[in-house]
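Visitor:
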Amino acid sequence: MALKKVRRPVMNGEKEFSEEKGWNNVLDKNNAGEVWNSPIAPRQLENSDIIDSDMQHDFSNENCNLYEPNKQRNDSALNRTISFFGDNVKLPRKAKVEQGNYDFRIDNITSKENVAGKFGTYDQFLITFLIQKVGMEVPKQITIPYIISAKAESPFMVFIASFKSIFQGQNITITQLVGLIGTCQISHFETASGDVYERLLVKSVNS
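Residue 291 is where the sequence shown starts when you use the numbering used here, and the numbers rise one by one after that.
1. Is the CB-CB distance between E488 and I434 below 8 Å?
2. From the DSSP secondary-structure annotation, give me the bridge partner or partners of L416.
3. Give the straight-line distance between the Cα atoms of I476 and T400, rounded to the nearest whole angstrom.
4. Using beta-carbon positions only, say whether I417 and Y436 come within less than 8 Å of one another.
5. So S455 is in the alpha helix (DSSP H); what residue range does that whole segment cover?
6. Under the DSSP definition of a beta bridge, which residues are partnered with S483?
7. In three-state DSSP terms, what is I462?
8. Which residues in the same chain have their Cβ closer than 8 Å to the Cβ of N378, if we skip the five residues on either side of it in sequence?
9. Within its chain, find whatever has a CB closer than 6 Å to the CB of R333; leave out the 5 residues flanking it on each side and keep chain order.
10. For T371, which residues of its own chain have a beta-carbon under 7 Å away from its beta-carbon, when the five flanking residues on both sides are left out?
11. Nearest by alpha-carbon distance to S444: which of G410, Q431, L491 and T465 is it?
12. Over the uninterrupted beta strand (DSSP E) stretch that includes V468, give me the two end residues.
13. To which residues of the same chain is I330 closer than 7 Å at the C-beta, ignoring the five residues directly before and after it?
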């Protein structure tokens, strides 16, 4: 008996892949066909190093339990550190990029609302940056969570204030930051439990 051939549907691009994965809450200016014009940053990704959405930017205020993202290339799982302190056994989180100065582009912004925390519920933005510096073979993505706070000294308001020169005299929504480029400084923050996270300080933005 002859077998009937069945044609498998072909996924034709990033949009279809995102829809298949259910990533419909992600704002990505790249889907509009825009290109990052950094002279040292080709449009290519090695890994997407995304911090779990349950994490806060103010790490000192919350006990952060994370799903560990994919390991970096050439970083064998056999070299991972396992910590035994008190009654706890854990794999401490490692920073995904080195400290230093980078070019950045804001690629994606998502939100998470009514997150239960130690001091009550809160809302947060998850901002994904594509970062690159001289000597890196390909850019990398990191996602940093910001608790939504109106306090001028909060990490979120300090970050937003970096774009004042572009939006002076305007009212905007957070989505208008997608696609903006500039320079930044990455530093590391280590929690008492030994987890290491990235912090991003905007140094300059391009209009």
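For each residue, glycine too, the CB sits at the ideal point set by N, CA and C.
Guide: With the given structure in hand:
1. yes
2. T400 and P435
3. 21 Å
4. yes
5. K454 to F457
6. According to DSSP, S483 bridges with nothing at all.
7. coil
8. S483
9. Unreliable positioning characterises R333 in this predicted model, as indicated by a pLDDT of 40, which lies under 50. A coordinate reading is not provided.
10. P382
11. L491
12. Where V468 is concerned, there is no enclosing beta strand (DSSP E), given that its DSSP letter is neither H nor E.
13. The predicted position of I330 is uncertain, since its pLDDT is 38 and thus under 50; no value can be drawn from it.
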